[in-house]
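With full-length UniProt numbering, letter number 289 in the sequence shown gets 289, and the count goes up by one each step, no holes. Built from N, CA and C at the ideal position, the CB exists for glycine as well. These numbers come from a predicted model, not from an experiment.
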Amino acid sequence: MCGPFSRSRRGGRLFLDGCYVRYDDYSFFNETLDVQDTTVCETQDFVGNHTVFAANVKVLARNLSVEAPKNDNFFVGFVNKGYITVYGLAQCWESVSGSACEDCLAKAVSNIGSCTPKEEGRVLNAGCYMRYSTQKFYYNSSDLVGGHNHENLSAITLAATTSALALVLIITTVVIIARKNVLRKRKVRKQLGGLLSSLYKSKLNFSYESLEKATNYFHNSNKLGQGGSGSVYKGILPDGKVVAIKRLFFKNPQWVDDFFNEVNLISGINHKNLVKQLGCSITGPESLLVYEYVPNQSLHDHFSGINLILNSCSCKNIALSYSVWNLYGTGKLCEAVDPILEANFEEVEASRLLQVGLLCAQASAELRPSMSVVVKMLTDNHEIPQPTPPPFINSSIGESG
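If you want it as structure tokens, here you go:
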């Protein structure tokens with residue numbers, strides 16, 4: 001579309017959808033308005049409510065004139081009200097900038113309304129161009145964003161950055177968890193390897209098959225009881241020796257530590273009040289512990305982690321036990337220390353040891369700590385809980401006549 005011809009000037013303008021060409025015999029840079037500015041309206045009238053259509057054109061033109069100077073002198077958009085959609089475009093030329101663009105588009109807004117109710121209208125000014133139409137005549141992924149899509153670009157950049165950070169965080173978390181699992185499994189394999197090596201070199205190792213046969217394949221008729229850490233079965237070894245076999249339940253990742261501690265601690269202790277541990281088996285599908293069999297006595301303590309089976313106590317021992325409890329209750333626990341030591345001991349350490357002893361001698365097996373916990377309480381600065389007093393601790397003991 002060419003601008004109006006004038007014999008008095010040697011210049012011309014060419015308007016096309018998407019480009020603008022101008023030449024003249026003087027410097028027209030930053031020129032916004034000219035006598036040759038014109039408004040071009042289509043011949044076809046809009047079919048519909050002309051009042052709503054004209055209002056939409058006016059709102060659209062005003063929006064375009066405001067947004068274009070903020071977005072590199074180019075903006076596209078649309079208005080949809082009353083089920084009538086109007087598309088529009090506003091642009092200032094590269095030779096026009098700043099307030100000059102705003103002035104040019106303001107003039108375009110006042111002129112383009114004269115085209116309504118025509119379906120399409122254009123304003124061709126010296127410094128800018130404005131167009132509206134009932135048909136979409138431009139391509140843009142977002143009709144409400146300027147020509148260079150700065151807002152859309154910012155939103156995309158923010159979304160991409162957030163997604164990338166989230167992905168990095170997820171990958172980092174997965175790597176950390178995987179590494180921890182690998183290190184834990186490596187530690188387990190190392191401990192198992194050391195444990196197996198020491199067991200193979202000792203007399204503590206039993207084959208899983210021999211223990212399985214000794215219990216008649218863990219038949220219920222040989223089951224002596226069950227607790228939180230496993231079930232205990234009576235078994236007869238090929239040499240005729242009767243043993244108690246503990247079939248362990250491992251429900252947590254610390255089972256290797258617990259198993260290792262129990263084998264090392266209990267197998268090296270020989271005391272009349274402790275059931276002797278004869279060995280173990282960890283080469284089969286389950287881990288087994290082998291103890292001496294104590295006939296006609298309670299195996300209930302096997303089910304806690306302590307594995308203590310006390311021999312029958314004399315009345316003197318019972319009285320001594322109650323005496324220790326009384327000293328503990330009055331804050332004089334150190335008086336229970338054997339006088340032969342002649343006060344050559346640390347009172348705080350002695351009190352901790354005696355308190356651990358009271359915990360291990362509680363009436364209910366469920367209240368007693370496991371061997372691994374006992375080791376921590378004795379070797380680390382581990383908090384020692386308050387033991388539960390035995391029944392009848394406050395009752396008087398009388399003689400029957």
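Practice item. Kindly indicate which residue of 92, 99, 74 has the alpha-carbon position closest to the one of residue 124. Key: 92
Practice item. Out of 211, 227, 185, state which residue places its alpha-carbon closest to the alpha-carbon of residue 285. Key: Residue 285 has its Cα closest to that of 211, out of 211, 227, 185.
Point to revise | residue 380, buried or exposed, once every other Cβ within 10 Å from all chains shown has been counted against 16 | key: exposed
Practice item. Could you have a look at residue 79 and say whether DSSP puts it in helix, strand or coil? Key: strand
Exercise for review: Less than 8 Å between the CB atoms is what I'm expecting for residue 283 and residue 207, so what's the real figure, rounded?
Suggested key: 7 Å
Check your understanding: Which partner residues does residue 121 have in the DSSP bridge list?
Key -> 41, 132
Point to revise | Cβ shell of residue 236 (< 6 Å), same chain only, five flanking positions each side left out | key: Cβ neighbours of residue 236 within its own chain (closer than 6 Å, five residues either side excluded): 214, 242.
Check your understanding: When you compare each of 67, 104, 126, 373 to residue 414 by their alpha carbons, which one comes out closest?
Key -> This structure cannot speak to residue 414, because the chain is shown only from 1 to 401.
Review point. With distances taken between CB atoms, is the gap from residue 109 to residue 61 smaller than 8 Å?
Key: yes
Review point. Residue 289 bridges to which residues according to DSSP?
Key: 246, 280
Point to revise | residue 139 (DSSP reduced to helix, strand or coil) | key: DSSP places residue 139 in coil when its eight states are reduced to three.
Check your understanding: Would the region 69-82 and the region 109-118 be scored as touching if the rule is three or more Cβ pairs under 8 Å?
Key -> As far as the Cβ criterion goes, the region 69-82 does not touch the region 109-118, which means the pair count is below three.
Practice item. Enumerate in chain order the residues of its own chain whose CB-to-CB distance from residue 376 is below 6 Å, with the five nearest sequence positions on each side excluded. Key: 382
Point to revise | Buried versus exposed, by CB contacts within 10 Å (16 or more), residue 19 | key: exposed
**Study point:** For residue 293, the nearest candidate out of 337, 329, 29, 245 (CA to CA)
**Key:** Among 337, 329, 29, 245, the Cα nearest to that of residue 293 is on 245.
Point to revise | residue 57 to residue 90 span [Cα, whole Å] | key: 13 Å
Review point. So, helix, strand or coil for residue 224, using DSSP?
Key: strand
Review point. Rounded C-beta distance between residue 287 and residue 248? I'm assuming under 8 Å.
Key: 5 Å
Exercise for review: Mind checking which residues open and close the beta strand (DSSP E) that includes residue 234?
Suggested key: 230-236
Check your understanding: Who are the Cβ neighbours of residue 396 in its own chain at under 7 Å, not counting the five residues just before and after it?
Key -> Any answer about residue 396 is weak, because its pLDDT of 42 lies below 50 and its placement is not dependable; what the coordinates show is given next. Contacts found: none.
Exercise for review: Under 7 Å Cβ to Cβ from residue 104, same chain only, skipping five residues before and after it: list those, please.
Suggested key: 32, 33, 92, 96, 125, 127, 128
Review point. Excluding five sequence neighbours on each side, which residues of the same chain lie with their C-beta closer than 6 Å to the C-beta of residue 136?
Key: 87
Exercise for review: Take residue 52 and list the residues in its own chain whose beta-carbon comes closer than 6 Å to its own, dropping the five residues that flank it on each side.
Suggested key: Within the same chain, residue 52 has close Cβ partners 82, 84.
Practice item. Would you tell me roughly how many angstroms separate the C-alpha atoms of residue 231 and residue 290, rounded to the nearest one? Key: 12 Å
Point to revise | C-beta contact flag for residue 353 and residue 387 at 8 Å | key: Not in contact: residue 353 and residue 387 (Cβ atoms no closer than 8 Å).
Review point. From residue 39 to residue 133, what does the alpha carbon distance come to, in whole angstroms?
Key: Pairing residue 39 with residue 133, the inter-Cα distance amounts to about 14 Å.
Exercise for review: Tell me whether the beta-carbon of residue 325 lies closer than 8 Å to the beta-carbon of residue 389.
Suggested key: With respect to the 8 Å criterion, residue 325 and residue 389 are classified as neighbours on the basis of their beta carbons.
Check your understanding: In angstroms, rounded to a whole number, what distance separates the CA positions of residue 158 and residue 101?
Key -> If you draw a straight line from the Cα of residue 158 to the Cα of residue 101, it is about 30 Å long.
**Study point:** Beta bridge counterpart(s) of residue 205 as assigned by DSSP
**Key:** 280
**Study point:** Under the three-state DSSP convention, the category residue 328 falls into
**Key:** helix
Exercise for review: Let me know if residue 328 comes out buried or exposed under the rule of 16 or more other beta-carbons within 10 Å of its beta-carbon.
Suggested key: buried
Check your understanding: For residue 361, does the three-state DSSP call read helix, strand or coil?
Key -> coil
Check your understanding: Are residue 334 and residue 350 touching if we call contact CB-CB under 8 Å?
Key -> yes
Practice item. Could you have a look at residue 14 and say whether DSSP puts it in helix, strand or coil? Key: strand
Review point. Going by DSSP, which residues form a beta bridge with residue 74?
Key: 91, per the DSSP bridge assignment.
Check your understanding: Do the CB positions of residue 356 and residue 374 come within less than 8 Å of each other?
Key -> yes
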